[in-house]
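2 protein chains.
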Amino acid sequence: MKRMENIFDLSKNGAKKVYIDGELFPIRVGMREISLQNGEKVLVYDTSGPYTEENHTIDIQRGIRKVRENWTRERFDKQNFHTQLWYARQGIVTPEMEYVAIRENQGVTGENRITPEIVREEIAAGRAILPSNYRHPEAEPMIIGSKFLVKINANIGNSALGSSIEEEVEKAMWAIKWGADTVMDLSTGKNIHKTREAILRNTPVPVGTVPMYQALEKVHGKIEDLTWEVYYDTLVEQCEQGVDYFTIHAGILQEHLPAALKRVTGIVSRGGSILAKWMNINKKQNFLYTHFEEICELLKKYDIAFSLGDGLRPGSIADANDEAQFGELKVLGELAKIAWKHDVQVIIEGPGHVPMNKIRENMDRQIVDCAGAPFYTLGPLVSDIGAGYDHITSAIGAAMIGWMGTSMLCYVTTKEHLALPNKDDVREGVVTYKLAAHAADIAKGHPGAAERDLQMSKARYEMRWYDQFNLSLDPERARRMHFEMIKEGADHCSMCGPDFCAMKITKSIL
Amino acid sequence: MKRMENIFDLSKNGAKKVYIDGELFPIRVGMREISLQNGEKVLVYDTSGPYTEENHTIDIQRGIRKVRENWTRERFDKQNFHTQLWYARQGIVTPEMEYVAIRENQGVTGENRITPEIVREEIAAGRAILPSNYRHPEAEPMIIGSKFLVKINANIGNSALGSSIEEEVEKAMWAIKWGADTVMDLSTGKNIHKTREAILRNTPVPVGTVPMYQALEKVHGKIEDLTWEVYYDTLVEQCEQGVDYFTIHAGILQEHLPAALKRVTGIVSRGGSILAKWMNINKKQNFLYTHFEEICELLKKYDIAFSLGDGLRPGSIADANDEAQFGELKVLGELAKIAWKHDVQVIIEGPGHVPMNKIRENMDRQIVDCAGAPFYTLGPLVSDIGAGYDHITSAIGAAMIGWMGTSMLCYVTTKEHLALPNKDDVREGVVTYKLAAHAADIAKGHPGAAERDLQMSKARYEMRWYDQFNLSLDPERARRMHFEMIKEGADHCSMCGPDFCAMKITKSIL
């Protein structure tokens, strides 16, 4: 795996892995430190886990270090495992909470910094989650909530048409290299169990799934054969493997279907369409809704979070903010309150395709209907005609809704609506979404978020080219583009040439 | 030029060039008609001029058809040439005004359609411009104003470091193929005059320039040798060639410099930095400001529009919305009123780098300070750390400010801050900006703007793949991505595979 180890070599980009020790607990929080040519150092959030440690060797069979193993075992031995939400409500700060507070600060130390107590408060109020299945101790703690850095998720997973287990693990590694805060394994083809196992054992960020996909594979794709029992067994299987959050489409109900079926693009959520068909065949209510409290009791045992799926998210501008979508959203809010009753953490999934003028209403309604539970959106895409550029169509909506308060953005790749993304598409999608999330962090005034931009701008003004590359979200691409046209050591770039550099001229005035 | 002719073959994308006749004048307005597999037709705005006519042959030496030649000659023979603004103020609808009204409608015929009278009113009020140097009769009329479709500009032009005349003309053709509404020739290297001549004679959209660049070349790059006379001669030369709008940095004044020089990134506008240095050397006021009325009188003779340059646009998040920027904006507003006094059309240039939370203030202040003159922004970029992805960083800001009322968006390419864009970058930049502009058109409710999205969504739901490609902004890319993984005629795509297609499942319920 030398090839994959090379992609995690931070020294090529003027950076190294550093650790900040906890004050309350014996924890070490990994960060990335970028060293600048002027001697300054910039500390940034890092999602790459042990991969970027010096001399780390990759062994997919063995998996990565179980960073949280001791923390959780201690709680287990005492037979008193609880969810992060339970602890938070008791007023107890956990090691996980201190960990994410340190991570979020990126070196900010003043009054504005995020404290472990703020983390606890936000979790207790249901406004943030800290996904942490104890069976996935490889995952470093991270937090999803509107008071924190906007997070991004990268979807990976094979479909019936392609890709091996190793390819999927490499996609997961690739995604976290570029900054994915969580990955969702959306495999629907062969080897679902084994693919997921390999991903979990090798991924230092929380992993999400849509268990319905595997449940349906178990009944050979026959929706009429789906039962609560098959689904429940699948849940247990995935709980045990270590999945940190489940997309569960428990909010789509029989009464929503007439409105949904009248739409321009009907139901575009795979999980939503499966349940709609099941309800239609069986003339019964959604079994995820009727069995919701049983699911709560199961998830509570592992501290797995709900990601309440929006089976009725709009698939076109024409369907945005319609009766079907907002009808389901209200149900998701009711379910969130039930989950909280069981001390289970919850996030709410959102659209989809939404024109810019209708984005604000999505955010405002979600906050009210779901009592402040974190919002997790797919884009939204602000037009339907961007095929081949939908990472951009959706990044526009994502940045806006992130600023308005959405806590996590699910990336959309350039191949959306067209094909399954390859590694290049994953990189392009992740970096695009890091940009959207970062723009949202700046706009909402997250402490220290604009510090990296400030350092970048100073480097730009002083023509410190390597600092510019290293402070970028994709140093390798920036470096390559620059050197395609210019020699090492130039005091200008090929955009304006040597005589027309505005910054050079400005400095010559001073 | 067979190679370039091939890029304009609309039939490959299920489309053809059609013409709509004027009702008031004997004009023919070229549009693109996309034929769908279900027999429906979609009419869309088209910027490609005669290039997409069947059997059009390209001859760069000869140039393209002079579509407006007869319209303007008639006015000249009578010795009573006036600007579009003059006509509009007299209550006179010109052929150009009817032309743009037909173009803007894209087939919308109802009460919401844009009428020639609406065009006239908007121009008369200074809220829109119709750039139309009579010496550039190759340009098809188009309108820039907040009541109309959001337009995009693509910058081309060589720098001291590269590219030939032919390459620049091909870049212009390439830009209009993908939808650029205007192009700016920002050449600063050799052969400025000849490059511009070739671009003008071969470009069916308005062409803008920054005359200062050539003026500076005339004094061999020595800012201290710049004079009003050299600049004025350059203006006359470019007026005669047929440039349709000039970026003129007449608003940056001596009194702004102390604030500008204290900034993190100083002055990042090339024109602005040149004038700042000139003022500093000569201890005199900006000569473009002191000679502004002379410029008005010159531009009026050709109906060339001012694009009042923002020499003090912020080059970093840290400098956004600062004293220097808004100080200059007020001066631009005063100058706009002077230009209007001379019946000269005006747009106002805007930033730059602006975080999302500060975009609205830019738009609101511009409307007030510049009395509603159209706003023309560069992005804005919503973060500084997107090097290598700045077409996206800026498209986020561009879409938002377009929705808020900006009339034209200047594209930013992926190479921004790094290198001069090549043809691939121009395509990526133009299509990205078409998307941003289109998203803004939808959000602001432009009549019929969402029709193409609706057709696309219906095609998606019905798995009409070729219709999806042909309705996309970049049909060629969409088609290529789709067929990389799937065979012709499939009833699903490789994203979800045959069994997990939500739309298929939805339809099976009905």
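Line by line, the protein sequences are chains A and B. Heads up: the first sequence begins at 1 in UniProt numbering, then just goes up one per residue. Heads up: the second sequence begins at 1 in UniProt numbering, then just goes up one per residue. Ideal Cβ positions, reconstructed from N, Cα and C, are used throughout, including at glycine.
Residue-level contact to chain B via CB, residue i, 9 Å cutoff
i, result
"N13 of chain A", "no"
"N112 of chain A", "no"
"F287 of chain A", "no"
"G379 of chain A", "no"
"F148 of chain A", "no"
"A175 of chain A", "no"
"K218 of chain A", "no"
"M400 of chain A", "yes"
"S35 of chain A", "no"
"E484 of chain A", "yes"
"K151 of chain A", "no"
"S407 of chain A", "no"
"T188 of chain A", "yes"
"R270 of chain A", "yes"
Burial state of residue i, where buried means 16 or more other Cβ atoms lie within 10 Å
i, result
"Q455 of chain B", "buried"
"P26 of chain B", "exposed"
"S383 of chain A", "buried"
"P475 of chain A", "buried"
"Q238 of chain B", "buried"
"L166 of chain B", "Looking at the sequence provided, one finds Glu at residue 166 of chain B rather than Leu. Label assigned to E166 of chain B: exposed."
"H220 of chain B", "exposed"
"S11 of chain B", "exposed"
"I505 of chain A", "buried"
"Y433 of chain A", "buried"
"Q61 of chain B", "exposed"
"Y213 of chain A", "buried"
"G110 of chain B", "exposed"
Distance CB(residue i)-CB(residue j) smaller than 9 Å
i, j, result
"L308 of chain A", "I248 of chain A", "yes"
"A419 of chain A", "M481 of chain B", "yes"
"Y411 of chain B", "A180 of chain B", "yes"
"L312 of chain A", "I267 of chain A", "yes"
"S327 of chain A", "A373 of chain A", "Here the sequence assigns Gly to residue 327 of chain A, which means Ser is not the residue at that position. Cβ atoms of G327 of chain A and A373 of chain A: not closer than 9 Å."
"E54 of chain B", "K16 of chain B", "yes"
"D441 of chain B", "L36 of chain B", "no"
"F306 of chain A", "A339 of chain A", "yes"
"A395 of chain A", "L435 of chain A", "yes"
"Q84 of chain A", "I129 of chain A", "yes"
"H136 of chain A", "G242 of chain A", "yes"
"G188 of chain B", "E168 of chain B", "Looking at the sequence provided, one finds Thr at residue 188 of chain B rather than Gly. The answer is no: Cβ separation not under 9 Å."
"D310 of chain A", "L329 of chain A", "yes"
"L216 of chain B", "L226 of chain B", "yes"
"M356 of chain B", "M400 of chain A", "yes"
Closer than 9 Å to chain A by CB, residue i
i, result
"residue 514 of chain B", "With chain B running from 1 to 510 in the structure shown, residue 514 of chain B is simply not present."
"D474 of chain B", "yes"
"D453 of chain B", "yes"
"K41 of chain B", "no"
"S508 of chain B", "yes"
"G333 of chain B", "no"
"C501 of chain B", "yes"
Expected contact under 8 Å - CB spacing of residue i and residue j to nearest Å
i, j, result
"I509 of chain A", "A276 of chain B", "6 Å"
"N286 of chain B", "A250 of chain B", "7 Å"
"M184 of chain B", "G208 of chain B", "4 Å"
"Q106 of chain B", "L43 of chain B", "5 Å"
"E117 of chain B", "V93 of chain B", "7 Å"
Any non-hydrogen atom of the ligand FAD within 8 Å of residue i CB
i, result
"Y389 of chain B", "Of the ligands one can find in the structure shown there are none, so the ligand FAD has no counterpart to examine."
Contact set between residue i and chain D, taken where Cβ atoms lie within less than 9 Å
i, result
"N191 of chain A", "The question asks about chain D, but that chain is absent: this structure's protein chains are A and B."
* **Near-chain A residues of the segment 348 to 362 of chain B - C-beta to any C-beta below 7 Å** => P355, M356 and N357
Query raised in the report: At a Cβ cut of 8 Å, what residues of the segment 443 to 472 of chain B count as close to chain A, listed as they run along the chain?
Result: A443, K444, G445, A450, R452, D453, L454, M456, S457, K458, R460, Y461, Q468, F469, L471 and S472
Quiz item: Looking at chain B, which residues of the segment 415 to 446 of chain A have a Cβ within less than 8 Å of any of its Cβ atoms?
Solution: K415, E416, H417, L418, A419, L420, V431, T432, L435, A436, H438, A439, A440, I442, A443, K444 and G445
Members of the segment 379 to 396 of chain A near chain B, C-beta cut-off 7 Å:
V382, S383, D384, I385, G386, A387, G388, Y389, I392, T393, A395 and I396
Please identify, using Cβ separations under 7 Å, the residues of the segment 249 to 268 of chain A that lie next to chain B, in order along the chain.
L261, V264, T265, G266, I267 and V268
- Going along the segment 314 to 344 of chain B in order, which residues come within less than 9 Å of chain A, judged by CB to CB distance? G315, S316, I317, A318 and D319
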